[in-house]
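*Asks:* Going by the working numbering, the final residue of the sequence shown carries number 867, and the count climbs one at a time with no gaps.
Note that CB positions come from ideal geometry on N, CA and C, so glycine has one too.
Only a predicted model underlies this, so the values are computations on that prediction, with no experimental measurement involved.
Mind looking over this structure? Questions follow.
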Amino acid sequence: MDVLTSHTSPLIIASVQAEACDGSVGMTLCPGKQQPNALSGCFQRDLSLDLDRLQSWGAAAVLTLMSQDELSALKVAQLGDEVENRGMLWFQLPVANHQLPDADFECQWVYAGVRLRGLLRAGKKVLVHCGSGLGRTGVIAARLLVELGDSHQQAIAKVREARSGTLQESAHVQYLERYQLASNDAWLDRVLGCLLGGAVGDAFGYAVEFDSLAKIRKCFGEQGLTRPVFQDGKLVVSDDTQMTLFTLEGILRCTDVNGELATPVWLDEVRHAYLDWYDTQLGQQSASSVLHGRLAARPAMRVKRAPGNTCLSALKSGGQGSIERRINQSKGCGGVMRTAPLGFLQGMDPFDLGIQAAALTHGHIDGWTPAGVLPRIVARLIQGEEKFLAVRNGFSDASEWGHIYGELASTQRYQLARRLARKMRFNAHEAIRQLGQGWVGDEALAIAMYAFLSARSYTDAISRATNHDGDSDSTASIAGQLWGAQHGVSDIPHAWIRRLDVLDEILLLVQQMQFWRRHVGSDRYGQPAVPAEIEPCIRMIEMTRELHTLGYQQIRIFPYIAPSGCYWRVEWAPASAFQSSVEPPSVNSEREIVRYSSGSGWEPFEWQGVRDLTPLEMAQQFVRQFPELARAGQGDDWCYAGWLARLLGEVRRGRLPYMSADWPMDLTRGVPMTFGDPFPLPPAMDCELELDHNPEDDLSDEELLSEGLLERAKSPTEDVDDEPTPDQFDFSELYGRTHGLVALYHQGAPYLLQVTQLIWQLLPAPREASSTQLCLLAGWAGEGKLGLHNLLENYLEVADRACARAAEATDQDWKNADGGLNWSKVEHTFAEMDKALLATAFQLSQLIEHVIHAAD
C-alpha cells in the first residue's frame, strides 16, 4: 500500500467559484491526517506542512465538517488551534460521515453561513474539508455556491468537475434543491453582529466588572484589559446577555413571519420570559417550575452570573411594573442592558416597547428611558444610518417625553457622549470619567455611546467601554451591540465568538427569525440632482472658501431666506460685526458688508461673465471691489474656515443654509437647510466663549440664577454629520492641507495610506529625497514613502498630546451645583483642544509647503 505523505503527495486543493462573486471555495481532504488503513492508501501526513499549503493557497477560513472525535482518530485534534495560529478563521460544523447535515449543523450555519458567504463576496478563499474531501465536502461547497446565486445545476456541475467523486448520491442533489440564494444576509449580518457583539463585549467586561481602573491596570498593564479572559477555554457571559436573550425569546413568541408584532399582549410574553430567567437564578430546575419557553431549560442558561438586585426583587414579586404604576425608584442599568433585540422588530419605532419592557422592573425615568433609546439606535444602525446621526435620533424627541410620559428625562449625558467622541477620542479614561460609572441606565448608555462613536475597531470599542471604574460588562455589552449593529458580525473576532458559552442559545433564537425581511440602507439616502437655479448660490460659498484660502478668514457669512421663502440671500461681514454666531451682523459702515440674493443669479454685485470665472478669480475680484471689508476680514480663524469648508460639501449637494426667515426659527438643532437635516452651528465667537462674568457685576453665578438674571448654559446644538474625510480638502494649498490633516486626526488610521498618497503626489521629484527631507525637518527619522507614512502616524500621536495638554490646562470640573453640566466649561475645553489641533496640523502643513516650494 502506498504511503501518502505531505512530501510525496502534496495537498491538492480543488476550487470552484460562484458566478456572482470573486471568492473561491476550495475542497480537500483532512490536513495532516494519519490513517494507516484508508481505502486510498496509508496516510502519514504532516499537519504543519499541509496548513502551510492552505495558507499559501490563500485560505481566509477553514471549514471542518468533522467531529472532534474524528479529528482525534486521525491524530489532528489540535487542528483548530493550528489554523488560528496561522491567522485563518476556523469553523467546525460536524456532519456525520455518509449523512446529510442535521439540525445542529443548520443552527450553526445561521452564523457560519453568513460569515463564510461574506468572505467569498469579498473575494476571499474558503477551504472546506472532511476526512476524504468528497461526500460532505462536496455537498457544503455546492451549497455555498447556491446560496451565492448559482443555480442548483451550475453548482453541482462545478463541484463534480473540480473534484471527481463528489455529489454521487441522489440524496445530495435533493438536499441542495432545498436551498436558494441567501438574499437576507445584509440584515442577518447586522442582527448577528448586534447579538454576538454584545455577548462578546459582555464576557470581555464581566471579567473585571467589579474592579476599579487602578486594579485593572495593576492586573493587565497600563492599557488595561485588551484581550478577553477565558474560563476553561470559554468566554463566559453575565446576566446582561442572559436577559437580552430572554427579551428576544419573549418577542419571538408574539411576532409573525415578517417580524411584526402579531399580538397586543407582547409585553406579557416579555414579562413571562423574564420570569423564566428569574427561575434560572434559583438553581436547579425543580419539578414545580412552570416555564413559558425553552430557553430557561437549557443548562447554559441556568447559571448565576452576578444578577442585579433590582431585577431579582422586581421579578420575585411578578415583574408587574409599568410607567403608570412604578414598581420602585431604581434607575439601574438592568433596564437598558437587555432591550437591544427590540430594534430587530419590523415596521415600528421600538422606543415605546423598550421603555415598557424596562418599566417591568425599573421605576425611575432614568432607568427606563435609556431602554427605549437603545433599540431605536440599533434599528437605525441596522437600516444603515450614519452612526452619529443614529445616536442623535435615538433621543432627538426627548422634549416630547414629558408630554407623553408625564416626566422629562435628561439627555445631557448622551449629548456629552457624542461631543466627547469627537473631541476627546484620545483620552477615553477621562472622557468616561466625565460620563459616570455606568451603574445607572443613562450613564451606562452614554459610556457605550462614547466607546462606540470614538473607537476605530470592535476591540477598541469594547476595550474603551471596559476599562473604567464602573459597570464594565454592561457598558461593554451595549457598546458591542451598537458596533455589531452597524458593522455586522465580520468585525468581531471569530476566535472569540466560537468560544462563547451561550453561542448555541444565541443561534437557536436567531434561527427563528433568519427569514425576516428587512432592507438595509435605503434609496431615500440618495441625493437629488442640484437644480440649475441654485448653482450661482453654490458659487458664492465656493468664493467664500477661496477668500479664506487667501487669508481673509475673519470674513463670515450670514445666510437667510426672504421674503417668504422666495430668495436665498447671504451677507458677508467681518467677524467683529457679529455679536453671536447665529445673529445677523451689525456694521458701522455699509462699506463693511456685502449682500447677494439668488434673484441676481449669475450677476452678483453687478458683475458680468461670472459663470466663466473660477471661485478663486471671483475671490480676488471681491477683494479688489470691497477693500474695506477685505481689510477688516484679514486674519486667521481656522475653526470657522474649517466649518465653512464642511458646509460647502453640503451646499454642493444642493442643500442651502439659512439662519433667518419670515417664519419662526429653531436653531437649537443646528443651521436649517433647504432640505434634509440641520447642519452644525458655526463656531462660537470669542465673546460667546467667555467664562467669567462682567467685572462690574457684584453678584455670583448662583445669585444671578436665583434672581433670574442669568440662565443656565443649555446643552449645545448636536452635530448632525460625521467629521469630513481628508479627501474632501485640497492638499495642494496650505489651508486646505491643514484642514485635511485635521480631518485625518478625526478619521484616524484608516485614512493614513490615503493621506500619505495625497502628500506624496505633491512632493517634487525625486520624491524619495523630498520625503526624507520632510522627515528631517519634522525631526523624524524616516526615508521615502514609508518614512512619510510613519511621520503621519507620529503626527497623530503628537496631536493627541497637544490636545491632552490643552484640555488639562482648562477647568475640567464640568458639573454645576445642581449636578447638571456646565456647557460653557465644556465648550471652552473643546475650543482650546481645537486650537491645539489646528496649530499642530498647521505646523506640519507649513513644513510640507516648505519642501514643495524648496525647488522653486
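1) Could you round the C-beta distance between A428 and L446 to whole angstroms and report it? I think they count as a contact, below 8 Å.
2) Measure the alpha-carbon distance for S781 versus R174 and round it to whole angstroms.
3) Go ahead and pull the three-state DSSP assignment for Q242.
4) Considering only the alpha carbon of each residue, which of R580, A573 and A88 lies closest to F616?
5) Looking at C-beta atoms only, is the number of pairs between the region 619 to 638 and the region 553 to 570 that lie closer than 8 Å three or more?
6) List the endpoints of the continuous alpha helix (DSSP H) containing G798.
7) If we call anything under 8 Å between Cβ atoms a contact, is A220 one with D482?
8) Taking Cβ positions, are V73 and V87 nearer each other than 8 Å?
9) Between the alpha carbons of L76 and D115, how many angstroms are there, rounded?
10) Between which two residues does the alpha helix (DSSP H) carrying M460 extend?
11) At what residues does the alpha helix (DSSP H) containing N404 begin and finish?
12) Under the three-state reduction of DSSP, which class applies to P872: helix, strand or coil?
13) Distance, Cα to Cα, P361 vs I568?
14) Using the DSSP secondary-structure output, state which residues sit across from R606 in a beta bridge.
15) So, is the C-beta of G232 closer than 8 Å to a C-beta in chain C?
16) Using DSSP with H/G/I as helix, E/B as strand and the rest coil, what is K136?
17) For C205 and A496, which I take to be in contact (beta-carbon distance under 8 Å), what is that distance rounded to the nearest angstrom?
18) Taking the alpha carbon of D57 as the point to measure from, which residue in I393, L353 and Q45 has its own alpha carbon closest?
19) Nearest CA to the CA of F215: which residue from R510, Y285, V27 and A442?
20) Just to confirm the assignment, what range does the beta strand (DSSP E) spanning M38 have?
21) Of the choices Q525, S465, I227 and V682, whose alpha-carbon is the least far from that of T197?
22) Can you tell me the Cα-Cα spacing of A166 and R201, whole angstroms?
23) With distance defined between alpha-carbon atoms, name the residue in N108, Q103 and L130 nearest to Q119.
24) Do you know how far the Cα of K836 is from the Cα of C698?
25) Is it buried or exposed, Q823, if we count other Cβ atoms within 10 angstroms and call 16 or more buried?
26) Just how far apart, CA to CA, sit L207 and Y746?
27) Can you confirm whether the region 339 to 347 touches the region 450 to 467 when touching is taken to mean that 3 or more C-beta pairs between the two stretches lie within less than 8 Å?
28) Our contact map puts P570 next to Y669 with C-beta atoms below 8 Å; I'd like the distance itself, whole angstroms only.
29) In this structure, what does DSSP give as the bridge partners for A25?
30) Can you tell me which of L60, F589, G91 and V521 puts its alpha carbon nearest to the alpha carbon of L356?
31) Do three or more CB pairs link the region 583 to 592 to the region 634 to 644 at distances below 8 Å?
32) DSSP has A273 in a bridge; who is on the other side?
33) Taking P42 as the reference, give the member of Q242, R635, A49 and R64 with the closest Cα.
34) Judging by CA-CA distance, which residue of R336, E594 and L199 is the nearest neighbour of I393?
35) Can you find the residues in the same chain that come closer than 7 Å, C-beta to C-beta, to G795, ignoring five residues on each side of it along the sequence?
36) Per DSSP, which residues does P668 bridge with? Please list them.
*Replies:* This is what the structure holds:
1) Confirmed, about 6 Å.
2) So the alpha carbons of these two residues sit roughly 55 Å apart.
3) Three-state DSSP puts Q242 in a strand.
4) Nearest option by C-alpha distance: R580.
5) Yes: at least three Cβ pairs fall under 8 Å.
6) G795 to E819 is the extent of the alpha helix (DSSP H) around G798.
7) Just to set this straight, residue 220 is Glu in the shown sequence, not Ala. Yes.
8) No, the Cβ-Cβ distance between V73 and V87 is not below 8 Å.
9) Roughly 12 Å separates the two Cα atoms.
10) For M460, the uninterrupted alpha helix (DSSP H) run begins and ends at G452 to S465, by DSSP.
11) Membership of N404 in the alpha helix (DSSP H) is indicated by the continuous run K398 to F406.
12) Because the chain spans 12 through 867 in this model, residue 872 falls outside it and cannot be assessed.
13) Taking the straight line joining both Cα atoms gives about 41 Å.
14) DSSP lists E582 as partners of R606.
15) Annotation note: the requested chain C is absent from the structure, which comprises a single protein chain.
16) DSSP places K136 in strand when its eight states are reduced to three.
17) Their Cβ separation, rounded to whole angstroms, is 4 Å, which keeps C205 and A496 in contact under 8 Å.
18) When I393, L353 and Q45 are compared, the shortest CA-CA separation from D57 is found for Q45.
19) The shortest Cα separation from F215 among R510, Y285, V27 and A442 belongs to R510.
20) First-last of the beta strand (DSSP E) with M38: S35 to T39.
21) At residue 197 the sequence reads Ala, which differs from the Thr that was named. Ranking Q525, S465, I227 and V682 by Cα distance to A197 puts Q525 first.
22) Counting only the Cα atoms, R201 lies some 28 Å from A166.
23) Of the candidates N108, Q103 and L130, the one whose C-alpha sits nearest the C-alpha of Q119 is Q103.
24) For C698, the predicted structure reports a pLDDT of 46, less than 50, and the residue's modelled location is therefore unreliable. A value from the coordinates is still provided. Straight through space, the alpha carbons of K836 and C698 are spaced by roughly 14 Å.
25) Looking at its Cβ environment, which holds fewer than 16 other Cβ atoms inside 10 Å, Q823 is exposed.
26) Across the structure, L207 and Y746 are spaced so that their CA atoms are roughly 44 Å apart.
27) The region 450 to 467 makes contact with the region 339 to 347: 3 or more CB pairs, one atom from each, lie closer than 8 Å.
28) Contact holds; Cβ gap of about 5 Å.
29) DSSP lists M38 as partners of A25.
30) Distances from the alpha-carbon of L356 to those of L60, F589, G91 and V521 put V521 closest.
31) Yes, since at least three Cβ pairs between the region 583 to 592 and the region 634 to 644 fall closer than 8 Å, the two stretches touch.
32) According to DSSP, A273 shares a beta bridge with no other residue.
33) Taking only the C-alpha atoms, the option nearest P42 is R64.
34) Among R336, E594 and L199, the Cα nearest to that of I393 belongs to L199.
35) Cβ within range, chain order: E779, S782 and T783.
36) When beta bridges are read from the DSSP output, P668 appears opposite M684.
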